[in-house]
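At position 51 of the sequence shown (counting the first as 1) the number is 51 in the UniProt record's numbering, and the numbers step up by one without a gap. Structure record follows, encoded as structure tokens.
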Amino acid sequence: MTDASTSEWDMEYRSRRLRLIGIVAAAVVVVIHVTFGLLLTISNTGPDNIGWSDQAALICIGLVEACAIMLLARPRLRVGSRGVSVRNLATERLFEWDQVRGLTYPDKGFGGQLELPADEHVPVLAIQAGDGARAIEAMERYREIEQLYRRG
């Protein structure tokens with residue numbers, strides 16, 4: 001699927017490990033809440049005054065929690081002629097090349113950091129240590145693209 005929004009980016013990277021963790025954790029939460037919600041009316045597993053609305057509420061709470069957990073699948077890094085786009089859990093920001101000083105991976109961090117002027121940085125949750133060689137390749141690819149647009 002290549003359209004105008006994806007063709008303008010030379011690189012798009014998402015953490016496979018973080019997405020997998022989010023999907024598995026959300027599925028487990030839904031299964032637990034649905035199971036407990038359905039078993040709630042059995043007389044020997046809970047109070048006698050539990051009704052269908054309590055069951056539905058417990059299941060809905062599980063769905064809301066699963067949706068919140070699925071935010072772990074959102075982080076993305078896109079790099080192109082316009083600059084660097086960083087999408088973390090809640091927001092996406094585009095930094096033009098004149099604002100970007102580089103992409104680093106701190107010694108004690110779990111994710112990359114986009115370096116900005118005045119010693120500021122933005123976390124890049126898409127690049128995770130748990131992705132191993134794939135994350136290293138993404139960092140190398142980023143640096144290649146950065147050199148291309150910094151020269152031009």
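Here a beta-carbon is modelled for each residue, glycine too, at the ideal position from N, C-alpha and C. Computed from a predicted structure; not experimentally measured.
- Since glycine 37 contacts isoleucine 69 with CB under 8 angstroms, what's their CB separation in whole angstroms? One-based indexing of the sequence shown puts residue 37 at position 37. One-based indexing of the sequence shown puts residue 69 at position 69. Between isoleucine 69 and glycine 37 the Cβ distance is about 18 angstroms, and since that is not below 8 angstroms, they are no contact.
- Using a Cβ-Cβ cut-off of 6 angstroms (strictly less than) and excluding sequence neighbours within five positions of tryptophan 9, which residues of its own chain qualify? In the sequence shown, the residue the question calls residue 9 occupies position 9. Only Arg78, Gly80 meet the Cβ criterion.
- Query: Apart from the five residues just before and just after leucine 18, which ones in its own chain have a Cβ nearer than 6 angstroms to its Cβ?
  - Reply: In the sequence shown, the residue the question calls residue 18 occupies position 18. Taken in chain order, the residues that qualify are Leu72, Gln128.
- Message: Going by the DSSP bridge assignment, what does proline 75 pair with across the sheet?
- Response: Position 75 of the sequence shown, counted from the start, is the residue given in the question as residue 75. Bridge partners of proline 75: none, in fact.
- Message: Suppose you measure from the CA of serine 53 to the CA of serine 15; what does that come to, to the nearest Å?
- Response: Locating residue 53 in the sequence shown gives position 53, where the first residue counts as 1. Locating residue 15 in the sequence shown gives position 15, where the first residue counts as 1. Their backbone Cα atoms lie some 38 angstroms apart in a straight line.
- My guess is that glutamine 114 and leucine 125 are in contact by the Cβ rule of under 8 angstroms, so how many angstroms apart are they, rounded? For this step, residue 114 is matched to residue 114 along the sequence shown. For this step, residue 125 is matched to residue 125 along the sequence shown. According to the sequence as given, residue 114 is leucine; it is not glutamine. Their Cβ separation, rounded to whole angstroms, is 11 angstroms, which puts leucine 114 and leucine 125 out of contact at 8 angstroms.
- When you compare only the Cα positions, how much space is there between aspartate 3 and threonine 41? For the purposes of this step, residue 3 is taken as the residue at position 3 of the sequence shown. For the purposes of this step, residue 41 is taken as the residue at position 41 of the sequence shown. Residue placement at aspartate 3 cannot be trusted, given a pLDDT of 47 that sits under 50; the coordinates are not used to answer.
- Message: Excluding the 5 residues flanking glutamate 76 on each side, which residues of the same chain have their C-beta closer than 6 angstroms to its C-beta?
- Response: Against the sequence shown, residue 76 aligns to sequence position 76. Note that residue 76 corresponds to arginine in the displayed sequence, not to glutamate. Closer than 6 angstroms at Cβ, skipping near neighbours: Arg14, Arg87, Ala126.
- Query: Candidates Pro123, Leu89, Glu137, Gly51: which alpha carbon is nearest glycine 109's?
  - Reply: The residue you call residue 109 lines up with position 109 of the sequence shown. Checked all of Pro123, Leu89, Glu137, Gly51; the closest Cα to glycine 109 is Pro123.
- Top-ranked residue by Cα proximity to glycine 111, from Val100, Pro117, Ile136, Glu92: Numbered from its first residue, the sequence shown carries residue 111 at position 111. The shortest C-alpha separation from glycine 111 is found at Ile136.
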